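In terms of the working numbering, the sequence shown is residues 12 to 270. C-beta atoms are modelled at their ideal positions from N, C-alpha and C, and glycine is treated no differently. Owing to the predicted nature of the structure, the values given are computational and were not obtained by experimental measurement.
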Amino acid sequence: MLSRRIIPCLDVREGRTTKGIKFKNNVDIGDPVEMARLYYEQGADEIVFYDITASHEKRNIMIDVVRRVAETIFIPFSVGGGIRTVEDMRAVLLAGAEKVSVNSAAVKNPEIIRQGAEAFGNQCVVLGMDVKQVEVSETIPSGYEIVINGGRKHMGMDAVQWALKAQELGAGEICLNSIDADGMKTGYEVNLTRLISETVDIPVIASGGAGEPEHLREVLTDGKADAALIASMVHYGDYTVPGIKDYLHDAGVKVRHRW
12 MLSRRIIPCL DVREGRTTKG IKFKNNVDIG DPVEMARLYY EQGADEIVFY DITASHEKRN
72 IMIDVVRRVA ETIFIPFSVG GGIRTVEDMR AVLLAGAEKV SVNSAAVKNP EIIRQGAEAF
132 GNQCVVLGMD VKQVEVSETI PSGYEIVING GRKHMGMDAV QWALKAQELG AGEICLNSID
192 ADGMKTGYEV NLTRLISETV DIPVIASGGA GEPEHLREVL TDGKADAALI ASMVHYGDYT
252 VPGIKDYLHD AGVKVRHRW
């Protein structure tokens, strides 16, 4: 069995790490470069960086911050937010990221997934999915809808169908974020995570809702996720990456303690 990955997530706005609840009421919590260094030194498996307002503000990602983080850490680094073209992808990868995450732009133009995979390899292209639970309908049979632009725009797209299409187009990984669970610290959306994980053949990263180590154990086992994103529970000092990994190891979940 492959080790399950623990991935701190840095949501960045105006050059600072921020955190909110259900994509709202964000507060400043620190410098992303220093926070990335801390989590790298603690033994995080990867770091995810999202410029959370780039898509909504229709601007390019903050390449200077990406470059500074990449110069600081020596583990895989995934970057998303405001990536709309293959040229944007190239700029982020040249700044030091190993992966690019496309979300809103891929919904509007799915071909960007294929273009990115052909240019840089499937392993470099991550599909970010922001998902909200809704009433089951003919257009959304799973009851989970794709939402874009930082949770601002409902798309009438079924999350399961979109995940399958993205895999076919060449996405190498899915980062699955539940808007309903985001920042609540009450646990991941396990049913959604399991549904997507059982549907696609590529790795699925669970995101949104982690508040204690048991939540990670649950989503990595019952939810069948390959990795778990964490934010609030480490940003505010309630837990550390080594402490979470020790808990998971003791619970029978295979994790990597050090590179």
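- Have a look at the DSSP bridge pairing and note the partners of I185. L138, V215
- Message: Excluding the 5 residues flanking N202 on each side, which residues of the same chain have their C-beta closer than 7 angstroms to its C-beta?
- Response: none
- Query: For V137 versus G183, is the C-beta spacing smaller than 9 angstroms?
  - Reply: yes
- L180 to S208, Cα distance in whole Å? 17 angstroms
- Query: Are the beta-carbon atoms of F60 and P43 separated by less than 9 angstroms?
  - Reply: yes
- Item | Simplified DSSP assignment, three categories, for F131 | helix
- Item | Backbone CA spacing between R163 and D193 [nearest angstrom] | 14 angstroms
- C-alpha distance - A47 paired with A170, whole-angstrom precision: 30 angstroms
- Task: Per DSSP, which residues does K110 bridge with? Please list them.
- Result: S89
- Query: From A81 to M100, what distance separates their C-alpha atoms?
  - Reply: 15 angstroms
- Give the straight-line distance between the Cα atoms of G41 and E225, rounded to the nearest whole angstrom. 26 angstroms
- Message: Is it the case that the stretch 142 to 150 contacts the stretch 112 to 127, given that we only count it when at least three CB pairs across the two stretches are under 8 angstroms?
- Response: no
- Item | DSSP-derived helix/strand/coil call for L240 | strand
- Query: Between K196 and chain C, is there a C-beta pair that is closer than 9 angstroms?
  - Reply: No chain C appears in the structure shown, which is made up of a single protein chain.
- Which residues bound the alpha helix (DSSP H) around V252? 252 to 261
- Item | Buried or exposed (CB count within 10 angstroms, at least 16 for buried), G91 | buried
- Name the residue from E156, S189, I216, H165 whose alpha carbon lies nearest to the alpha carbon of W173. E156
- Query: Which class does I40 belong to by DSSP, given the choice of helix, strand or coil?
  - Reply: strand
- Query: With burial defined as no fewer than 16 other Cβ atoms inside 10 Å of the residue's Cβ, what is the status of Y250: buried or exposed?
  - Reply: buried
- Message: Could you compute how far the alpha carbon of Y51 sits from the alpha carbon of E129?
- Response: 30 angstroms
- Task: Ignore the nearest five residues each way along the sequence and tell me which others in Q134's own chain have a CB closer than 6 angstroms to its CB.
- Result: G183
- Query: According to DSSP, is P121 helix, strand or coil?
  - Reply: coil
- Those runs of the alpha helix (DSSP H) which lie wholly inside the stretch 190 to 235 and span at least 4 residues: 201 to 210, 224 to 232
- Query: I157 by DSSP, collapsed to three states: which one?
  - Reply: strand
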